[in-house]
Amino acid sequence: MTLKPLGDRVLVKPAPKEEKTSSGLYISSGAQEKPQKGEVVAVGAGKLDDKGERIAVDVKAGDQVFYGKFGGNEVKVDGEDYLLLRADDIYAIIED
Amino acid sequence: MTLKPLGDRVLVKPAPKEEKTSSGLYISSGAQEKPQKGEVVAVGAGKLDDKGERIAVDVKAGDQVFYGKFGGNEVKVDGEDYLLLRADDIYAIIED
Amino acid sequence: MTLKPLGDRVLVKPAPKEEKTSSGLYISSGAQEKPQKGEVVAVGAGKLDDKGERIAVDVKAGDQVFYGKFGGNEVKVDGEDYLLLRADDIYAIIED
Amino acid sequence: MTLKPLGDRVLVKPAPKEEKTSSGLYISSGAQEKPQKGEVVAVGAGKLDDKGERIAVDVKAGDQVFYGKFGGNEVKVDGEDYLLLRADDIYAIIED
Amino acid sequence: MTLKPLGDRVLVKPAPKEEKTSSGLYISSGAQEKPQKGEVVAVGAGKLDDKGERIAVDVKAGDQVFYGKFGGNEVKVDGEDYLLLRADDIYAIIED
Amino acid sequence: MTLKPLGDRVLVKPAPKEEKTSSGLYISSGAQEKPQKGEVVAVGAGKLDDKGERIAVDVKAGDQVFYGKFGGNEVKVDGEDYLLLRADDIYAIIED
Amino acid sequence: MTLKPLGDRVLVKPAPKEEKTSSGLYISSGAQEKPQKGEVVAVGAGKLDDKGERIAVDVKAGDQVFYGKFGGNEVKVDGEDYLLLRADDIYAIIED
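Protein chains in written order, with this note's numbering: chain A, 2 to 97; chain B, 2 to 97; chain C, 2 to 97; chain D, 2 to 97; chain E, 2 to 97; chain F, 2 to 97; chain G, 2 to 97.
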């Protein structure tokens, strides 16, 4: 079973919690917004602008990203945990 | 009796609760938003844009979808439970 | 005495409460929004868009509709109860 | 002394309270909004749209109207009570 | 010392409180908004619209006006009390 | 060290508190907004409009202004106190 | 590992706390917003405007800036602390 996000929504596979602490990477935030790290699995076609054209999402499948948890929804597919986020809730791409 | 949703509204038949847990699919969320799974039964013609043209809804009858319960309304038609959602409250299409 | 709704407002005659339960139709919702069933009696000319043209309302007199009570106003005309709703508070047309 | 409303504001002379109950007309609403009945006395030139042109108000002096009290302001002119409302707070025209 | 209001702001000289009651004019309102009477002293050039042109303010110096106190600021200039209001907080022009 | 405000932000040097009371000028306001007097030190290039052009700020360096404290930020540069305000939080220019 | 901010987001390296007090520079603010000083490390390509073109961010890598902490997110990369801010949360460029 696969998920095809709609509009400006993005499906993200969160990084395992143990890897996140061992890599020395740590994100803190206030109570309302908890940014996290993961890999983009699928992206929607984008929102429609005023002319009826799609506004392409800034990330693509395979991108390693930082995102805010607030506003997103956890979903379990075939036993694995994923997140459905809006594109604007993704803050940065991680490049090595 | 059938329902014809208006504007960007979508009529959804929620999946039976027993099937949802047996399939290993599970969605958790905060207190305000409870995403769920179901099948699209009917869609509205879409909202009007600034030029007076309809913005087509991204889902169609028969689509299996994930959606947020927050904002929608439960309706019982001929003894069966349905949901009336706005198109933007539908997060992703489920493909097998 | 008759009422001519203004803008995107719609005058609705709510279905009698006894018919609603006997027909097996039931709508539940949260505390803020109580959807109901009724018949459209009159509609406004619609809101003005950016070009000064009217955006026609999606329902017409005689339509059987589901609507949200939140935001509307009850009005008694010649001894009968009616509702004044905004067009966007009408969720779906009921077809038999 | 007369009042000339500005923008989309409308000056309304509320119907006497005794007439309202004797005519069998009654409007109820929630705590925030108390719709009432009255006669339009004067209307503003309308709000300016994006092109700098006036958006005409949907009512005119002499119209009998239903309106929401919430947001309006009571004003006493030459010993009589009036209301200053925004045009959008007027819900319907009463026709006999 | 004089004040030159900016944008859509308007400088108003409130009418003396004794004149207001002696003339039989009285305005009441809810707790959040307290309309008052006064004379326009100076007006700003108006807000800029989307094309970069000024939207002229609907009142001019010398106009007797009704206004809402909520949102405005009291200012004392050379020992006299004035109010700085947004143009939209002025409800009507008083004509004799 | 100097500060170059960005967008529609304005750097203001508040008038000394003793001068404000000795000049007979006094501004009172509600709890949320405390207008004050000062001199403009530097202005940003303005916000971008829909066409990508800058909307010039209505004040310039050297202007004596009234402003609302709410929303601004105090900053100490080389031992002196300044304020960073949005242009819209400046209400009027003071002319002698 | 490097971070590439998305949209109108900006990556900032906060100035060390000891330098901030020793330099005589101090920023105070209310409880909700805590402005700070730092150096821009990377900027996003900017938000899309209505025509689908990018609105360039007003700062560039290397700029010394004042910013508001409210709304931003702290991130630790390779053991060092950074901030991810929206461009509008950056108030001024510091020039020596």
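Even for Gly, the Cβ is constructed at its ideal location relative to N, Cα and C.
- A distance below 7 Å separates the beta carbons of C/Leu84 and C/Gly73.
- For a cut-off of 8 Å, the C-beta gap from C/Leu86 to D/Ala93 is around 11 Å, too long to register as a contact.
- Residues of chain E with a Cβ closer than 8 Å to the Cβ of D/Asp51 are, in chain order, Asp50, Asp51.
- Within chain D, the residues Met2, Thr3, Leu4, Lys5 have their CB atoms less than 8 Å from the CB of E/Glu96, given in chain order.
- The beta-carbon of A/Asp64 is placed no less than 7 Å from the nearest beta-carbon of chain G.
- For B/Asp59, the chain A residues whose Cβ falls inside 7 Å of its Cβ are Leu7, Gly8, in order along the chain.
- The beta carbons of G/Leu7 and G/Ala43 sit about 11 Å from each other, so the pair does not count as a contact at 8 Å.
- Here DSSP, grouped into helix, strand and coil, assigns D/Asp90 to helix.
- Only residues of its own chain outside the window of five on either side were considered, and among them Gln65 have a CB closer than 6 Å to the CB of A/Ile95, listed in chain order.
- The contact set of B/Leu12 on chain C, defined by CB atoms closer than 8 Å, consists of Ala93 in chain order.
- For the region 77-88 of chain G, residues whose beta-carbon sits nearer than 7 Å to a beta-carbon of chain A comprise Lys77, Val78, Asp79, Gly80, Leu85.
- Contacts between B/Phe71 and chain A, judged by CB atoms closer than 7 Å, are missing: the closest CB pair is about 10 Å apart.
- Taking a contact as a CB-CB distance under 8 Å, the pair B/Ala62 and B/Val41 counts as one, their CB atoms being some 5 Å apart.
- For G/Leu4, the enclosing beta strand (DSSP E) stretches over residues 3-6.
- A straight line joining the alpha-carbon of D/Arg55 with that of E/Glu81 spans about 36 Å.
- The closest CA to that of D/Lys48, considering only E/Phe71, E/Ala57, E/Lys14, E/Glu75, is found on E/Ala57.
- Per the DSSP secondary-structure output, B/Phe67 pairs in a beta bridge with B/Lys38, B/Ala93.
- Beta bridge pairing from DSSP links B/Ala46 with no other residue.
- Contact check for G/Gln37 against G/Pro15 passes: the beta carbons are separated by less than 7 Å.
- Per DSSP, the unbroken beta strand (DSSP E) holding F/Lys14 starts and ends at 10-15.
- By the C-beta density criterion, E/Gly53 is exposed, having fewer than 16 other C-beta atoms within 10 angstroms.
- When the Cα atoms are used, C/Asp59 and B/Asp51 turn out to be separated by approximately 16 Å.
- In this structure, DSSP gives C/Val78 an extended state, which the three-state scheme calls strand.
- Short of 6 Å from the beta carbon of A/Ala88, and not among the five residues preceding or following it, lie these beta carbons of its own chain, in chain order: Asp9, Val11, Val58.
- Take F/Met2, set aside five residues on each side of it, and the residues of its chain with a beta-carbon closer than 7 Å to its own are Val78, Asp79, in chain order.
- Sorting A/Gly45, A/Ala46, A/Phe67 by C-alpha distance to the C-alpha of G/Val76 places A/Phe67 at the top.
- Only residues of its own chain outside the window of five on either side were considered, and among them Val13, Lys14, Pro15, Ala16, Gln65, Val66, Tyr68, Leu84 have a CB closer than 8 Å to the CB of F/Gly39, listed in chain order.
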